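The structure appears right after this line, and notes come after that.
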Amino acid sequence: MLINPEAQKKAQAEMDSVVGAGHLPDFADRAALPYVSAIVKEVHQWRTVAPLAVPHYLAVDDDYQGYRIPASSIVIGNTWFVI
């Protein structure tokens with residue numbers, strides 16, 4: 001944002017036009033904020049604020065959507081699916 005202040009101004013204009021002054025956005029506003037959503041995705045791609053993909057250890061065999069995952073496997077979730 002420091003290097004490209006026009007991007008910040010464009011994002012602020014989008015927020016003001018969709019959400020309005022004095023209000024906070026919520027998930028219902030997300031579809032109407034494509035530019036802000038793109039900025040958030042780009043920032044998370046560059047550097048996440050927290051380690052979102054925490055590895056999980058399977059204690060027992062599991063079947064997930066037709067895939068067999070054996071016990072003792074380490075599984076890391078796809079954070080981009082969530083974002």
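To convert, note that position 12 of the sequence shown is 12 in full-length UniProt numbering; the numbers rise steadily by one, no gaps. C-beta: ideal position from N, C-alpha, C; glycine also. Since we're looking at a predicted model, the values are computed, not measured.
Check: Neighbour-count burial assignment, Val75, 16 or more Cβ in a 10 Å radius; Outcome: exposed
Check: Ala11 beta carbon less than 8 Å from that of Val43; Outcome: no
Check: Cβ pair Ala53, Thr79 closer than 8 Å; Outcome: yes
Check: Chain-order list of residues whose beta-carbon lies under 7 Å from that of Val18 (same chain, five-residue window excluded); Outcome: Asp29, Ala32 and Leu33
Check: Met15 and Pro5 closer than 8 Å at C-beta; Outcome: no
Check: One or two residues paired with His56 in a DSSP bridge; Outcome: Val75
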